[in-house]
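In the working numbering, the protein residues as written are 11 to 394.
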C-alpha cells in the first residue's frame, strides 16, 4: 500500500526501510531507558506502556516483511498510542525526578512523530504530530515537570518541521525524477515507433525490389523463352503470396510462425528466371526453412545475380546451397571484374538492403568478399 501519493515507488521503499529501522531501534532504546529509571510504584504502568510501544514496533516489522509498506492505519494507531503514553506521564515517572525521568517518554514521542512524516501524508501526520506534542506538554504539567514540557515541546516542534521539510524535498525530487522518466519513456516510445515505420518502409521497398519489380521488369523486356516464362509465372505467384503475407503480418510474429518451404525449389525458380541474363550453375541440398527466411535467401540471391549481370562483366555465376543442423548457407560466386565493398555508396539500395538487409531481418547475416579483378563471393547464412 502506498501511503504518500505522487511519490515514486523507489522513494517510498527507501523511506519505509528508514522508518522501520528507526522504529525498531527506538523500541530497544526507549525500553532500556524506561527500565533504568522506573520505580517500584510505576512498574506496572511502565510495563504496560512498553508492551504497547514495543508491540507496535513488532507490528511494523511484521507488516513490512509481508507487504513491503507501512499502511496508514498502523502509523495512525502508533501516533495515538504515544499520545496516550505522553498523557500518562504522571503514572510512568516519579514526581521527584520527573524532569530527568521523562526523557524516555520524550524519545518515544519524538521518534514516532518523525517516523510518521517519512511514510504518511502531511495532511494527517503534521496534525497528529502536533497533537502528540501537545499531549507531552500536558503530561509533563501533570507530572510536575512543566519546564521539561515547555523546552521539550520546542525541540519536538523543531524536529517535526525538519522531518516534514526533508521528506517534502525528497518527495518533490522523486516526482521530478518520475516525470523525467515518463518523458524519457514517451520519447523512447516515439523513437521506437518511428524506427518501426522506417523498418516497415524498408521492408516494403525490399519486397518490391526483389520480387514484383524484378518480375515486372522481366516481363517488360519480352522475348523470354517458354522455360523462363513458366519460371516468371511461378515467381509471380510467389510475389503475390509474399505481398499478402506482408499485409497480414502482425507485430511479434516471427519467422518460425510461418509455414516452412523447400529452399532448393525456390532458389531453382530464382535461377530459372534470371538464366536469360546470367548462366547459373546451381548446386543444392534439400532443406526446409520458414517462408520468410526462404524469401530472404531468394531475394538476396536474385539481387546478387542481377549484380553479376549488370556489373561483373561475365555471363556466368555459381550458386551453392549447403545445410546442416547448425546453419543454412547460400554462396554466390562469380569470376568477374569485382569491386571494393568499402567504397560502395551508402545510397546503393541493392547491397545494403536487398542482400545484407534481407538476411539481417530474419536474424541471418551476409558476407561480401570482392576485389577489383578477382571476382566476388557473397555468403548468406541463417542459423538453423
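Quick reminder that beta carbons are idealized off the backbone N, C-alpha and C, glycines included.
Examine the Cβ distances between the region 361-369 and the region 327-336 and report whether three or more of them are shorter than 8 Å. Taking a contact to require three or more Cβ pairs closer than 8 Å, the region 361-369 and the region 327-336 do not qualify as touching.
Do three or more CB pairs link the region 78-96 to the region 50-64 at distances below 8 Å? With the cut-off at 8 Å, the region 78-96 and the region 50-64 touch.
Within the region 119-166, ranges of the beta strand (DSSP E) (whole runs, at least 3 residues): Within the region 119-166, not a single complete beta strand (DSSP E) segment reaches 3 residues in length.
Just list the residues that DSSP pairs residue 174 with in beta bridges. Among the bridge pairs identified by DSSP, residue 174 is matched with none.
Does DSSP put residue 29 in a helix, in a strand, or in coil? If DSSP states are grouped into helix, strand and coil, residue 29 belongs with the helices.
By Cβ distance below 6 Å, which residues in the same chain neighbour residue 421 in space, the five residues on each side in sequence not counted? What is shown of the chain runs 11 to 394, which leaves residue 421 out entirely.
Using beta-carbon positions only, say whether residue 341 and residue 389 come within less than 8 Å of one another. Going by C-beta atoms, residue 341 is nearer than 8 Å to residue 389.
Specify whether the region 113-120 and the region 65-78 touch according to this definition: at least 3 beta carbon pairs, one from each stretch, less than 8 Å apart. Result no; under three Cβ-Cβ pairs closer than 8 Å.
Might you give, ordered along the chain, the residues of its own chain that have their beta carbon closer than 8 Å to the beta carbon of residue 291, omitting 5 neighbours on each side? Hits under 8 Å: 326, 327, 328, 329.
Do you know how far the Cα of residue 161 is from the Cα of residue 148? Distance between the alpha carbons of residue 148 and residue 161 is about 13 Å.
On the DSSP letters alone, give me the boundaries of the alpha helix (DSSP H) that residue 51 sits inside. It is not in any alpha helix (DSSP H) - residue 51 carries neither H nor E in the DSSP assignment.
Within 10 angstroms of the Cβ of residue 343, are there 16 or more other Cβ atoms? Answer buried if so, exposed if not. Residue 343 should be labelled buried.
Please state the DSSP three-state secondary structure of residue 90. Correct three-state label for residue 90: helix.
Could you pull the DSSP bridge partners for residue 391 from this structure? According to DSSP, residue 391 bridges with 339, 375.
Across which residues does DSSP place residue 326 in a beta bridge pair? Residue pairing by DSSP puts residue 326 in a beta bridge opposite 289.
If you count every other CB in all the chains shown that lies within 10 Å of the CB of residue 125, and 16 or more means buried, which is it? A residue is called buried when at least 16 other Cβ atoms come within 10 angstroms of its Cβ; residue 125 meets this threshold and is buried.
Under the three-state reduction of DSSP, which class applies to residue 350: helix, strand or coil? The answer is coil: DSSP assigns residue 350 none of H, G, I, E or B.
What distance in whole Å lies between the Cβ atoms of residue 298 and residue 315, which are believed to be in contact at a cut-off of 8 Å? In fact, because the Cβ distance is near 23 Å, the residues do not count as touching under 8 Å.
Specify the secondary structure class of residue 295 as computed by DSSP and reduced to three states. Coil, per DSSP.
Name the two residues that bound the continuous alpha helix (DSSP H) containing residue 271. Membership of residue 271 in any alpha helix (DSSP H) is not indicated; the residue belongs instead to the beta strand (DSSP E) covering 270-272.
Between 43, 163, 323, which lies nearest to residue 146 when the distance is taken from Cα to Cα? Relative to the Cα of residue 146, the nearest Cα in the group 43, 163, 323 belongs to 163.
Using three-state DSSP, classify residue 80 as helix, strand or coil. Coil, per DSSP.
Tell me the DSSP bridge mates of residue 333? For residue 333, which the question treats as bridged, DSSP gives the partners 338.
Test item: CB-CB of residue 372 and residue 303 under 8 Å: Taking 8 Å as the Cβ cut-off, residue 372 and residue 303 qualify as a contacting pair.
For residue 300, which of helix, strand or coil comes out of DSSP? It is a strand residue.
Option nearest residue 139 by Cα separation, candidates 87, 98, 300, 386: Residue 139 has its Cα closest to that of 87, out of 87, 98, 300, 386.
Is the beta carbon of residue 333 closer than 8 Å to that of residue 394? For residue 394 and residue 333, yes; Cβs fall inside 8 Å.
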